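If you want the numbering used here, it's the 1-based position in the sequence shown plus 11.
Data first, discussion second: the structure below is written as structure tokens.
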Amino acid sequence: MADSWPHWLVNSFALASQPQHSADETVYYGAYTRLLYHLFGLEGPFEISPQYHIRPTAPDGYYVVKPFTVEVNKHPVLFIEVKPPASFALDSNRKRAEDQMRDHFRNLHENLVTPRLFGITAFGTRLAFYEYEAATKILPPPAIVQVRDSVTLDDAAPAERWDYDLLEPNGIARMRQVVQDVMTMCQALNN
């Protein structure tokens, strides 16, 4: 059925979505890994590079985050950055997620073999979709330009940007459409 996921996949996300896990993004890693393998398969040209963290060992150490990346022939075609759902409520966390997404596109766009690169930010199952066009170097949705004065406090990453839920029909349809677009682009590489 096109408007639902298999029961085993819904169950993975349901287990990750328990209230006691709301501040821990790592509980979603297994569910997102299963989702990507379900959508792209185990056989074929696609590889899923799972997310990893390098925890700082010193007080001033770096916390490195690499998104889940779907690759074809070691070239990125889609990536997902997972955040804990509890952090969604704060504008500063959404802005940080938005900035990280744009940085990931900056880091990955030089290695493209497809005309577009898709990216997704996930706060739990709440999704925002991005699509970079290599020919024009345009990355919608547009970044929000902040007014730099001492009076105005802008919403740098409006909550409405994450208007899809992976477990709702609109989120399922959007995710399937992105995957279909990726597969179509990758098939064109072989022609």
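Built from N, CA and C at the ideal position, the CB exists for glycine as well.
Being a predicted model, the structure only gives us computed values, none of them experimental.
* Does the count of Cβ pairs from the region 185 to 193 and the region 17 to 25 closer than 8 Å reach three? -> Judged by Cβ distances under 8 Å, the region 185 to 193 makes no contact with the region 17 to 25, as fewer than three pairs qualify.
* Can you tell me the Cβ-Cβ gap for S15 and I131, rounded? I've got them flagged as a contact below 8 Å. => Not confirmed; about 19 Å, so no contact.
* Asked: Taking the alpha helix (DSSP H) that V93 falls in, what are its first and last residues?
  -> Not the alpha helix (DSSP H): V93 falls in the beta strand (DSSP E), residues H86 to K94.
* Asked: By Cβ distance, which residues of its chain are closer than 6 Å to A108, with the 5 residues on each side in sequence left out?
  -> Answer for A108: K94 and T132, listed in chain order.
* To do: With a 10 Å radius around its C-beta and 16 neighbouring C-beta atoms as the bar for buried, classify P96 as buried or exposed.
  => Buried.
* To do: Could you check the C-alpha separation between L150 and E144 for me, to the nearest Å?
  => One C-alpha to the other measures close to 6 Å.
* **Secondary structure of T37, DSSP reduced to three states** => Note: T37 maps to helix in three-state DSSP.
* Asked: Roughly how many angstroms lie between the CA atoms of N201 and T125, to the nearest whole one?
  -> Their backbone Cα atoms lie some 11 Å apart in a straight line.
* Leaving out five residues before and five after A42 in sequence, what residues of the same chain have Cβ atoms less than 6 Å from its Cβ? -> Residues S23, F24 and A27 of the same chain have their beta carbon placed closer than 6 Å to that of A42, with the five preceding and five following residues left out of the count.
* To do: Put M12 into one of helix, strand or coil per three-state DSSP.
  => For M12, the pLDDT reaches just 47, beneath the cut-off of 50, and the residue's location in the model is therefore unreliable, although a value from the coordinates is still provided. Here M12 sits in coil by DSSP.
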